[in-house]
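Residue numbers for the sequence shown follow the working numbering, so the first one is 564 and each next one is one higher. Using N, Cα and C, we set each Cβ at its ideal position, and we do this for glycine too.
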Amino acid sequence: MSESRPHFFAWCTEPERVDAFAAALSALVIPGDLISVDVSPDIWCKTSSMEDALAMIRAHFGGRNSAHVLSGMMLNDSERIMVFSAACYPEVSERRHPFGPVRLEAGERKRDFYPCEIPVGGGPRSVEAEAAVACHLVQGDIEDLLLRLCAPDTSGRVPAGACTDKEDWLAPVEMCATYNANAAELARDLALSWVSLHEKQSVSRIAGMSMEALHARIDAAPRGARVSMKGASELTRSLSRETVLKALATPPATLLEALEAAAVPDDAWRAAEPKAREIMELLRQLGEAPEGEGPPAFNAKVTSPGHVRFLEEHAPFHVRRLLPSGGVVLATHPYRTLWPLWSDALFVLGLMS
């Protein structure tokens, strides 16, 4: 488990990068909140005007100047308010060190975003149910922030994005969430993952490659080539060139349906849900009660190795079709990766080799 807050990434072409960043900021910043903008050591400002902040970015972004913004946002799902930092990098910077090219970090510290403890009632404790509640408390915000960064409007400027609790944009199957503006190119996640892992390439540098170019890179690899998958079971600890090529040849609708079918909570998660629902109801009652009143409860820590391990192994997957935009989001809790979802779908389709 990482000690980091969640990191969100988005890719788009450099000519549209500032517009994409501006749209994301407009969707994130609390209206009227103080915005800190830093373009270079000598070019910075603090303002409550979004227009002034964007004007400074537009006037100076490019070359060696990247844009860094610090401000406040409200999380739409949990309705919490927290600080966020966001950055936009030009190609010159990305070639030296691939940071983004557009990235968002939620909270100033890990504990700002992830719950450290939750109120529970009397009776025996359930680590599994408490972990499930901790997941419910952040999952909606993860998916919401990914969409506010990648798809704040209908422009379609950002074709791909992702989220992780690591600091770098890893192979998509090693992330906890991905965004694809075009569901017909969902296999891009698999192709990018294979090329990134096989060629030791940063995803930030290859995320904009066409499907044809990715296919050619994979096809050019030696027959039987495989890449290792971290934290996987014995049956799914590697991904072969042939599996990826077969997935690229699979109709996108078939692939999406297989992912949806694979995104079913496992037995351990379903067993924890009844108790988790009781805790969620307790949270609702406490939230609605006047201060100092409400049902009896005590705060239980949800950061133990047992809580973390349960989320790493059992947090459910979500497959969201973004209608009418035609995009799709794959997501799970940040302590888990999307590889188990992909491997199950590939097995069902008979593509794993």
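- Annotation: the continuous alpha helix (DSSP H) that includes Cys698 extends over Val690 to Cys713.
- Residue state for Val600 is assigned as strand, using DSSP reduced to three classes.
- Apart from sequence neighbours up to five positions away, the residues of its chain that approach Glu668 with a beta-carbon distance below 8 Å are Arg568, Pro569, His570, Phe571, Phe647, Ser648 and Ala649, ordered along the chain.
- For Ala776, the uninterrupted alpha helix (DSSP H) run begins and ends at Met774 to Asp782, by DSSP.
- The beta carbon of Val696 lies closer than 7 Å to those of Ile681, Ala839, Ile842 and Met843 in the same chain, with the five residues before and after it left out.
- For Phe861, there is no enclosing alpha helix (DSSP H); the residue is found in the beta strand (DSSP E) stretching over Phe861 to Lys864.
- With respect to the 9 Å criterion, Asp640 and Gly703 are classified as neighbours on the basis of their beta carbons.
- Its chain contains Glu737 as the residues whose beta carbon lies nearer than 7 Å to that of Lys793, once the 5 sequence neighbours on both sides are disregarded; these appear in chain order.
- In chain order, Arg780 place their CB closer than 8 Å to the CB of Glu762, counting only its own chain and leaving out the 5 sequence neighbours on each side.
- One thing to note: Leu638 has its Cβ within 9 Å of the Cβ of Asp707.
- Ranking Arg847, Cys713 and Asp675 by CA distance to the CA of Val665 puts Cys713 first.
- In this structure, DSSP gives Leu912 a state outside helix and strand, which the three-state scheme calls coil.
- Pro722 sits buried, since 16 or more C-beta atoms from the chains shown fall within 10 Å of its C-beta.
- The beta carbons of Leu733 and Val758 sit no closer together than 9 Å.
- Under the three-state reduction of DSSP, Gly663 is assigned to coil, being neither helix nor strand.
- Ala622 places its beta carbon 9 Å or farther from that of Thr741.
- Looking at the DSSP output, Met645 shares a beta bridge with Met636.
- Nearest neighbour of Ser599 by Cα position, chosen from Gly787, Ala590, Val683 and Ser611, turns out to be Ser611.
- Of the candidates Val790, Ser656 and Arg659, Val790 places its Cα closest to the Cα of Trp902.
- When secondary structure is reduced to three states using DSSP, Pro594 falls in the coil class, being assigned neither helix nor strand.
- Assignment of Pro815 by DSSP, reduced to helix, strand and coil, places it in the helix class.
- Pairwise C-beta distances place the region 825 to 840 in contact with the region 874 to 890, as three or more of them are shorter than 8 Å.
- Boundaries of the alpha helix (DSSP H) harbouring Lys838: Asp830 to Glu851, taken from the DSSP string.
- Distance from the CA of Arg658 to the CA of Pro814, rounded to the nearest whole angstrom, comes to 34 Å.
- By the beta-carbon neighbour count (other beta carbons within 10 angstroms, threshold 16), Cys698 is buried.
- The Cβ atoms of Val891 and Leu749 sit closer than 9 Å to each other.
- Nearest C-alpha to Ala783 among Leu798, Thr799, Arg768 and Ala754: Ala754.
- Counting C-beta atoms within 10 angstroms of its own C-beta, Cys575 has 16 or more neighbours from the protein chains shown and is therefore classed as buried.
- In this structure, Ala694 is the residue among Ala694, Val911 and Gly685 with its C-alpha nearest to the C-alpha of Pro678.
- Counting only residues of its own chain and dropping the five nearest sequence neighbours on each side, Leu798 has no CB closer than 6 Å to any other CB.
- Nearest neighbour of Arg720 by Cα position, chosen from Met774, Leu846 and Asn743, turns out to be Asn743.
- By the 16-neighbour rule on beta-carbons within 10 angstroms, Gly724 is buried.
- Closest option to Glu642, judged by alpha-carbon separation, among Pro858, Glu856, Gly850 and Ile620: Gly850.
- Bounds of any beta strand (DSSP E) do not take in Leu617; it lies within the alpha helix (DSSP H) bounded by Met613 to His623.
- If the five residues before and after Phe584 are omitted, its C-beta is found closer than 6 Å to the C-beta atoms of Cys651 and Val665, all from its own chain and listed in chain order.
- Residue pairing from DSSP leaves Arg899 without any beta-bridge partner.
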